[in-house]
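Here's the structure we're looking at; comments come further down.
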Amino acid sequence: MKRTWEKHRTGFWGAMTLSLVAAGLIGAYAFGDAAGDRWSQPVVLTAKTAPEISPAEARRAVSSAKDLSTAFRVASEAVLPSVVAIENVAAVSPGEDLGMAPGSPFGGQNPFKGTPFEDYFNERNFAPRQPLARPRSRPKGMGSGVIIDSSGIILTNNHVVAGDGEVTVRLHDGREFKATSVATDPKTDIAVVKIDAPDLVAAKIGDSDTVAIGDWVLALGQPFGLESTVTAGIISAKHRGIGITARENFLQTDAAINPGNSGGPLVNLDGELVGINTAISSRGGGNDGVGFAVPINLAHWVGNQLAEEGKVQRAYLGVGIQPIDAKLAAQLNVKPRQGVAVTEVYPETPAAKAGLQSGDVIVGYAGIPVTSPQELQLVVERSEIGRPHPLQVVRDGKAKRLQFVPEALPVEFGRTARLGTNEPSRESRRLENLGLEVSRLDEAVAEQLGMADAEGVVITAVKPGSPADRAGLATGMVVTQANRRQVSSVDELTDAVEDADPEQGVLLLVRTNAGSRFVIVRP
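The opening position of the sequence shown corresponds to residue -16 in the numbering used here, with each subsequent residue numbered one higher.
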C-alpha cells in the first residue's frame, strides 16, 4: 500500500522518531487511537539492551566451555605418547661437491703467493682450509608419524620418508631410533616405518566411516619442528579429491595443519585415530583453514599390507567409468550422482566375466551405495580377492543384480600405447549439424591411435565453436556407440544422429587411448 507523509501524520516529530528508530535509539514505533486511526500517535520506547545473564547461566556456560577444554586435554594426553617426529636424511658421498670449510679468507687462495710473505702466510695459519674429511648431510624430509602397534609399527606419509635416505624416529619421550625398514604406497601417500624399541605406546584406532561433518577433531604433530603440537577444529567435508595422489578420499578439516604435520594423527574427542594428516590448501605455505587427512580405515588397510608384505595388493573390476551429471542421468534413466556410468568393459577382466556392459550404471557394490568413480574404485580395491560380491546395476532403466569375483590388479593393467598419428581413412563424412567429420576406423588407424581392439568410427575433424567442439570432442577420438547402439560404420553413426531427439541430443560413447566416456552432443 502506498502511504503519503500526510497519511503518516509524522510531521517534524514523526521524522525525528523515524530518525531515532534508524539510529537504534528507539526500540519500536507504534501507532493507534480509540477512533481506529492506526497512524495517530507515536509511542516512543526505550533503546533495546542485551538481556542480562544470570549467575547461574554464566556458571553453566563456563562449565560447558571447561567440559570441552577437558575433552581436548584428555584426548591429547591419550595420543601424544604415540606421536613421533620423523627425519629423512640423505648422505652426500665424499666425492660430491662439498666446497671449502666456512671461514676460508680470500676465496681459499694465498694472497701473498709469489712474494716474500708467502711462507709467513702459511706459518700464521692463514692457509686455505682443506675440504671436510667427512661427508656432509642434508635433510630430505621432515614430518610426523603415529605408532599404531607397540611392536614398533608407525604410520606416516610416503612423501615424508620417500627416497633412499636414513630415516630417524624421535619418540615423545626424546629417545631416537633408526628405522629398521620403510615401506611406501605412493598411490595413497601412506608409508609404514618400523623401529626396534621397547615400551612403545600405540594409538587407539577409530572408525573413519562414522566420522561426520561438524565433529570435533584434533591434529597432532611437529609443525615447523615444534614438537607435541595440538590444534583443534572440525571435520568440514568428507570424500575430498584434490589431485595429489592416485587414490583420494580425504577428510577435510579446519584444524590447523602446517608443514611438519604431515604423517601425524587426526583424532576424535575419544582420542581415537581417524586420519593421517597429509596436505594443506595454502597460498603462503601456512595454514589457511583447509587441511586434508587420509581416512584411517584406508590408511590402516594400506599399512597392514605394507607391514606384512611390503606392498599393497588391490582388487580390480576392469572397466572404464565416469561420474553421472544431470544431462547424462536423463539419458541413462537414473538420478544425478546415482551410481557411475560404465564406459568400457575390458576383455578377460573380472567385469567382463561378471557380465557388465558398456552403458550400465553401477549403483551399489556389496550393499554399499556408489555415487562416484572414486568411491567405487576404493571399495572394490579393498575387496577380498576370490570371494563373490553382489553388484547392483541399472541397465536400460531396469535394476539388475550381477555376481562379481574380485581378482588381483595386474601390474601392467591400464598401460596403453601412445597416441599415434596417421592419415585418416578416405571413407569420411561430415555431420554438419554436429560440426564433425568422421571416417571408417581400419586396423592401421586403430593401431596408430593405440586402440588396436577398438571398433567404431574415428573423428578426423571438429569445427571450432560447433556443438561437437563445445561437448569436448576432438580429432583422434573413436566413437563406439551412439544412443546406446554399437557403431561400426559411418552410416550407422549417421542413422543414429538422424534418429536422435534434438532436445535430448545425441549420446555418444567415445574412446581414446586413455579410456572411454559418454558425451552428449546437442545439434
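We put the beta carbon where it would ideally sit given N, CA and C, even for glycine.
Here the structure is a predicted model, which means the values were calculated and not measured.
- Your pair Gly369 and Val388 checks out as a contact, with CB atoms roughly 7 Å apart and the cut at 8 Å.
- For His283, the enclosing alpha helix (DSSP H) begins and ends at Ile279 to Glu292.
- Per the coordinates, the alpha-carbon of Val493 lies some 9 Å from the alpha-carbon of Gly439.
- C-alpha of Ala334 to C-alpha of Ala48: approximately 54 Å in a straight line.
- Of the residues Pro181, Ala298, Gly148 and Phe207, the one whose Cα lies closest to the Cα of Pro371 is Ala298.
- For Ala166, the secondary structure class from DSSP, reduced to helix, strand or coil, is strand.
- Between Leu256 and Ile279 a beta carbon distance of about 5 Å is seen, short of the 8 Å cut, so the two are scored as contacting.
- Here the region 474 to 485 does not lie against the region 271 to 289, with fewer than 3 beta-carbon pairs under 8 Å apart.
- The beta carbon of Ala435 is closer than 7 Å to those of Ala429 in its chain, skipping five residues each way along the sequence.
- Remark: C-beta atoms of Ile218 and Leu234 approach each other more closely than 8 Å.
- In its own chain, leaving out the 5 sequence neighbours on each side, no residue places its CB closer than 6 Å to the CB of Asp253.
- Under the DSSP definition of a beta bridge, Thr236 partners with Ile218 and Gly274.
- Ala68 sits in a strand when the DSSP states are folded into three classes.
- Residue environment analysis places Gly126 among the buried positions, since at least 16 neighbouring C-beta atoms fall within 10 angstroms of its C-beta.
- As the crow flies, the alpha-carbon of Val502 is around 8 Å from that of Gly455.
- Distance from the CA of Ile259 to the CA of Gly189, rounded to the nearest whole angstrom, comes to 12 Å.
- When the alpha-carbon of Ala465 is set against those of Ile131, Leu491 and Arg453, the nearest one is in Leu491.
- Within 10 angstroms of the beta-carbon of Arg453 lie fewer than 16 other beta-carbons, which makes it exposed.
- With contacts defined as CB atoms closer than 8 Å, Val250 and Ala54 fail to qualify as a contacting pair.
- Comparing alpha carbon positions, the residue from Glu486, Leu300, Thr236 and Gly433 closest to Ala497 is Gly433.
- 8 Å or more divides the Cβ of Val328 from the Cβ of Pro356.
- Sequence-distant partners of Gln386 (beyond 5 residues in either direction) whose C-beta falls short of 8 Å from its own C-beta, in its chain, are Ala337, Pro371, His372, Pro373 and Leu374.
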